[in-house]
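Using the working numbering, the final residue of the first sequence is 649, and nothing's skipped along the way.
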Amino acid sequence: MKKFLFEDSLNDPQREAVLFREGSLLVIAGAGSGKTRTLTHRVAALVQEGVPPRSILLLTFTRKASTEMVRRASELLDDRCEKVSGGTFHSFANSVLRKYSTYIGFPGGFAIIDESDAEDLVGLIRKELDLAGKERSFPAKKTLMSMFSRAVNKVLPVEEIVCNEYTHFSSEVQDIAAVHREYAKRKTLHGFLDYDDLLVKLRNLLTEYPEIRERISSSFQYIMVDEYQDTNKIQAEILRLLASANRNVMVVGDDAQSIYSFRGANFRNIMDFPNLFPDTKMIRLEENFRSVQPILTLTNNIIDQAAEKFTKKLFTKKLAGNPPVLVSTGDEKAQSLFVVNKINELMLNGINPRDVAVLFRAGFHSFDLELELNRKGFSFNKVGGFKFVESAHIKDLLAHLKVLFHPRDRLSWYRILALVDSIGPKKAQMIFETLDKENLGYKGILKDIFPAKLAKPLETLRGLYASFEKDKLSVFDMGEIALNYYMPILKSRFDDWPKRQKDLEQLLVIMERYEDPREFLTDMTLEPPNTSSGNSMEISSESARRLTLSTIHSAKGLEWHTVFVIWVLDGRFPSIHAIENEDALEEERRLLYVAATRARENLFFVYPRNFYDRNLRMIFSNPSRFLSDIPDDLLEKQFLGSSGFRRF
DNA sequence: GCCGGTTACCTTTTT
DNA sequence: GGTAACCGGC
């Protein structure tokens, strides 16, 4: 075999994985062991050998990860690598299902609904079936939706999920199942697929139509899956079907970093991979290239205390380094001040802000820190937590566009109509039924088919949809037309409309990059932007230099010179919700492990000693149980006072 | 049936 | 501190 160009830059197990060819391969890759490096080198090696890029399928956890890997492979070799097939399981499912939509019972195509749309639909059904009685505590739409999703992702009946995981609702199991059935029916009726349906329908398509399975699976010579520890049973099944023709599958992951059980992932799944593909070869990457020894010693210690032992031990050659520190501060403000001051100090020592990250369990945990950073003039990028596209004003604007392409989108029509003066739920329903009966879509709004009483209220909306009749509108034009219509509504409904207007203008900037409005709408659902910057007006070259604030989930796979993990306070991390349940608690431990293994040189854990949670009406004062028993020589302890009421 | 004003009730994590 | 469910006036 011809030697691969960059073979010499790999260590032995990495090289073995890169050069592996026929059959199935499981790579257990510890944190910082060069997992991404191995994948990108393998992509480049395959392309170099003449494997057509399109016949390489690279499935990743986020689109960002996929584009980044493709970019790095292209850097190694050349831009043939750009043509590699890749994306998330969901985006891959979407593109396949669009092609075969008649086979899955959606001859007219489908629209993908995000979580909050799905919840709204469930809420509609919940109301219609009149289950929300006063005396009766029936699960909220959100809870119902999470029950349904868990059932799908764990491949279990809803009834079983309710009885095992939501025991306090087990008396309502019949009605919950009824809502579930109705939800499925409505989705078919309106041409909706939710996130879970994308996976389920793809699996069904590949199972029920052998000739389609054959065509698709033979088109992929090599399949690679990243972050395999966070896939669930349906995804494993899809993978088995996709690989049925060539059987060349490589999956990479780390069971100690499995943090998505709420999506049906199970850290044991990765060890089941050899059952899915007999004769699987296993390679372990155990050399950590990221962290200095003191950090690695600590992270090994954290994961060693897991209830279930993991199968590897990481080592590093970077011996010297600073010990990790656990800092306890008087209160929340002092926590923020400690972080800000430390960052300032780092920058004075020449550290680039982009090499620094602050990580936390949940998006809102950084609110106070954000205030403090703004006050001191630090700009930052925040990743995770808050979802731009789920805010009301963004959803409003998108709804007006969605119905152009999906006339049966009941949820969007209700949303649009509810914004019109003197139209409420009843009239919206009536208008929708009239449009839907003849499948008229937005063109129906232009016609004179409504009672005279509605003519006046519908006048401006009619004007909007008349403007969409013009030919040759760019995606940006459409956004601008919709925004012009929406601005008066925005001003009347939100006191903080200037801020929201900026968001909408930001949305128009995103729209400018698209040529196909359908693609834009799909991306907003499947791969929505989850980054916000402290100051969105700044140019993007500056944003590359910024400090990062991120949820731990969104920090997966990344690394920084210095990492702060804030709120390592028992009750917050592990979260109070996890303390009762042993599996959940173990996942919190892995989550902390993921956070800590992001650091190369400096690692700080911070918590306020004195914190009263107003909502929970509880005082928390102890450090995270995962850190409290670690000896001082592995984890240095610092004790700081309260902030007082220092303000400028 | 619509709408504006009130209160309660949260807030993991993401495709 | 933001929104979703609830209530009473029009």
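Glycine included, C-beta positions come from ideal geometry on N, C-alpha and C.
The model shown is predicted, which means the values in this text are computed figures rather than measured ones.
Item, Value
"Residue range of the alpha helix (DSSP H) that Asn-603 falls in?", "Asn-603 -> not in any alpha helix (DSSP H); beta strand (DSSP E) instead, spanning 600-609."
"Would you say Gly-31 and Asp-255 are within 8 Å of each other, going by their C-beta atoms?", "yes"
"From what residue to what residue does the alpha helix (DSSP H) around Leu-370 run?", "368-376"
"Pull the bridge partners of Leu-360 from the DSSP assignment, please.", "Ser-551, Val-566"
"Which term fits Ala-456, buried or exposed, when burial requires 16 or more other beta carbons within 10 angstroms of its beta carbon?", "exposed"
"Using the rule of at least 16 other Cβ atoms within 10 Å of the residue's Cβ for burial, across every protein chain shown, is Ile-620 buried or exposed?", "exposed"
"Which one of Leu-436, Val-180, Phe-379, Lys-143 has the shortest CA to CA distance from Glu-346?", "Phe-379"
"Cα separation between Ser-625 and Leu-412?", "43 Å"
"For Asn-353, which of Thr-549, Val-153, Ser-34, Phe-21 has the nearest alpha-carbon?", "Thr-549"
"Locate the alpha helix (DSSP H) running through Ile-424, then write down its first and last residues.", "Per DSSP, Ile-424 belongs to no alpha helix (DSSP H) and is neither H nor E."
"Take the Cβ of Asp-633 as the centre, count every other Cβ of all protein chains shown within 10 Å, and call the residue buried at 16 or more, exposed below.", "exposed"
"Count the other CB atoms, across all protein chains shown, that sit within 10 Å of the CB of Gly-642; report buried if there are 16 or more and exposed otherwise.", "exposed"
"Tell me which residues share the same chain as Leu-592 and place their Cβ nearer than 6 Å to its Cβ, disregarding the 5 neighbours each side in the sequence.", "Ile-260, Ile-553"
"Using DSSP with H/G/I as helix, E/B as strand and the rest coil, what is Thr-89?", "strand"
"Could you tell me the alpha carbon to alpha carbon distance between Gly-110 and Leu-297, rounded to whole angstroms?", "50 Å"
"When you compare only the Cα positions, how much space is there between Met-512 and Glu-520?", "10 Å"
"Can you list, in chain order, the residues of its chain with a C-beta nearer than 8 Å to that of Asp-321? Leave out the 5 residues immediately preceding and following it.", "Here residue 321 is Ala; the residue named in the question, Asp, does not match the sequence. Hits under 8 Å: Val-293, Gln-294."
"Looking only at C-alpha atoms, which of Glu-528, Phe-606, Lys-557, Thr-523 sits nearest to Thr-563?", "Phe-606"
"Out of Arg-187, Ala-335, Met-251, Leu-203, which one is the CA nearest neighbour of Arg-610?", "Ala-335"
"Quick one: what's got a C-beta closer than 8 Å to Glu-539's C-beta in the same chain, skipping five residues either side?", "Bear in mind that a pLDDT of 44 at Glu-539, under 50, signals an unreliable position, so the model cannot answer this."
"Could you please give me the residues that DSSP links to Asn-302 through a beta bridge?", "None; Asn-302 has no bridge partner."
"Between Ala-467 and the rest of its own chain, which residues show a CB-CB distance below 8 Å, the 5 nearest in sequence each way excluded?", "Leu-447"
"Could you check what DSSP says for Gln-294 in three-state terms: helix, strand or coil?", "helix"
"Which two residues bound the contiguous alpha helix (DSSP H) that contains Thr-232?", "It is not in any alpha helix (DSSP H) - Thr-232 carries neither H nor E in the DSSP assignment."
"Return the first residue and the last residue of the beta strand (DSSP E) that Phe-149 is part of.", "Segment 142-155 is the alpha helix (DSSP H) holding Phe-149; no beta strand (DSSP E) there."
"How many angstroms separate the CA atom of Gln-507 from the CA atom of Leu-465?", "21 Å"
"Within a Cβ cutoff of 8 Å, which residues of the same chain sit near Thr-89, ignoring the five residues on either side of it in sequence?", "Leu-60, Thr-61, Phe-62, Thr-63, Arg-64, Ser-67, Leu-527, Glu-528"
"Please confirm whether Ala-246 and Glu-209 have their CB atoms less than 8 Å apart.", "no"
"Would Asp-195 and Ala-119 be called neighbours here (beta carbons separated by less than 8 Å)?", "yes"
"For Arg-573, which three-state DSSP category applies?", "strand"
"Kindly indicate the opening and closing residues of the alpha helix (DSSP H) around Phe-274.", "270-277"
"Mind checking Gly-33: buried by the 16 CB within 10 Å criterion, or exposed?", "buried"
"May I have the straight-line CA-CA distance separating Val-97 from Val-85, to the nearest angstrom?", "16 Å"
"Looking at the structure shown, is Ser-25 part of a helix, part of a strand, or coil, going by DSSP?", "strand"
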